Amino acid sequence: MFEKRGIGLALAAPAALFVAVGFLLPVAILLAGSFHSAAGWGLENFTEFFAKPLNRDVFFRTFRLALTVTAVAAVIGYAVALVIVDASPGVKGKLVGLLVLPLMISPVARTYAWLVILGRTGIVNVALTRLGLSDEPIRFLFSETAIFIGLIQLFFPLMVLPLVSALENLPADVVPAARVLGASWWTVFRRILLPLTREGLVVGGTLVFVGSLTAYVTPAILGGSKVLMLETLMYQRVSVANDYAAAGVIAVILIGMSILTHSGLKRLATARRRAG
């Protein structure tokens, strides 16, 4: 596009400088602070962080919820993606529109809606009491269940869209041919659909897992101070205790888990592709 490479680099320099100063430098300072303590540079802050039972509980809770949300989103996402792909063009467009529509609404508004739905006088508790399934309202809010519902509703479209794209790229005669040869639907999914759509699963799984791992608004609103996640714990460490070292440790953990998850999913998909 440019006759000289230097012209292109010069045009890109302001944007690169802005990103470096506004994003990379603050993140680097925060991450570096997690490895520095009164004793000098090392892993003392990490050792001190995991030595506290509360921090360990929050870490495993965050990882467990993110993994559960990703697994459930993948299972339901395949079913929804198959329905969308098999629908007629007109219906497919409407289904995709309904799927994308929540992404256009603020996560804060979507999360606050769950406060109304899951509250003691919300539609869920009213339905349970009127149907005789519960004698008194059930406390859904400020629990792991509420956080799970909020997260899966928030990130579910990010799992379905890559799966729809992957399924649409499959040859149209693959599944009918397998069915004619006597393969059950479970065999078709396990031996054909899953291997051929693993790239979409990797993309969707990464987006959902990392999003669930690093989300702040939903755990803060639906979990409150009773059910802490790593994000809400990091906010408390900074805003209440002014403990930037612990906040840096949490930031390193979140970034590290995100990178490891994406790398692990890609390696798993590559290994299965080579094995196939």
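Numbering (numbering that gives the first Met the number 0), first residue to last: 0 to 275.
Every residue gets a Cβ at the ideal spot worked out from N, C-alpha and C, and that includes glycine.
Predicted, not measured: the structure shown is a model, and the values here were computed from it.
Just how far apart, CA to CA, sit residue i and residue j?
i, j, result
"Gly332", "Ala244", "The requested residue 332 does not occur in the structure, where the chain is confined to residues 0 to 275."
"Leu24", "Ala9", "21 Å"
"Val159", "Gly76", "5 Å"
"Leu132", "Arg138", "14 Å"
"Gly118", "Leu192", "40 Å"
"Gly203", "Ala38", "42 Å"
"Ser58", "Pro88", "Note that residue 58 is Phe in the sequence shown here, rather than Ser. One C-alpha to the other measures close to 44 Å."
"Val74", "Glu47", "38 Å"
"Val71", "Gly210", "14 Å"
"Ala171", "Asp85", "10 Å"
"Thr213", "Pro136", "31 Å"
"Leu264", "Ile254", "16 Å"
"Phe1", "Val26", "Confidence at Phe1 is low in this model, with a pLDDT of 49, below 50, so the placement of that residue should be treated as unreliable; the coordinate-derived value is given next. Approximately 33 Å between the Cα atoms of the pair."
"Ala182", "Phe208", "32 Å"
"Arg129", "Arg109", "26 Å"
"Leu198", "Phe154", "Reading off the sequence, residue 198 comes out as Glu, not Leu. When rounded, the distance between both Cα atoms is 18 Å."
"Lys91", "Arg266", "32 Å"
"Thr231", "Ala240", "13 Å"
"Leu200", "Ala19", "32 Å"
"Pro175", "Ala78", "17 Å"
"Ala112", "Ser262", "35 Å"
"Pro161", "Asp134", "43 Å"
"Trp184", "Pro52", "46 Å"
"Gly7", "Ala14", "12 Å"
"Ile104", "Pro218", "18 Å"
"Ala177", "Gly149", "38 Å"
"Leu66", "Met233", "20 Å"
Compare the beta carbon distance of residue i and residue j with 7 Å and say whether it is the shorter of the two.
i, j, result
"Leu64", "Phe147", "yes"
"Val187", "Leu30", "no"
"Ile83", "Val163", "yes"
"Val276", "Phe45", "Beyond the ends of the chain as shown, which are 0 and 275, falls residue 276; an answer cannot be given."
"Ala246", "Leu166", "no"
"Pro106", "Val216", "yes"
"Pro156", "Leu114", "no"
"Leu221", "Ala145", "yes"
"Ile151", "Val99", "no"
"Phe49", "Arg55", "yes"
"Leu41", "Phe141", "According to the sequence provided, residue 41 is Gly. The question's Leu does not apply to it. For Gly41 and Phe141, no; Cβs fall outside 7 Å."
"Ser33", "Glu43", "no"
"Ile116", "Val123", "yes"
"Leu169", "Leu195", "yes"
Which of helix, strand or coil does DSSP assign to residue i?
i, result
"Gly39", "strand"
"Arg138", "coil"
"Lys54", "What sits at residue 54 in the sequence shown is Asn, not Lys. If DSSP states are grouped into helix, strand and coil, Asn54 belongs with the helices."
"Phe155", "helix"
"Asp85", "helix"
"Val226", "coil"
"Thr67", "helix"
"Thr196", "coil"
"Leu180", "coil"
"Tyr215", "coil"
"Val239", "coil"
"Ala295", "Nothing can be reported for residue 295: it is not among the residues displayed for the chain, which extend from 0 to 275."
"Ser164", "helix"
"Ser262", "helix"
"Ser257", "helix"
"Phe34", "coil"
"Phe17", "helix"
So does residue i have its beta carbon nearer than 6 Å to some heavy atom of the ligand FMN?
i, result
"Arg189", "The ligand FMN is absent from the structure shown, which contains no ligand whatsoever."
Practice prompt. Only counting runs of 4 or more residues, tell me where the alpha helix (DSSP H) segments fall wholly within the segment 101-133, in order along the chain.
Written response: 106-117 and 122-129
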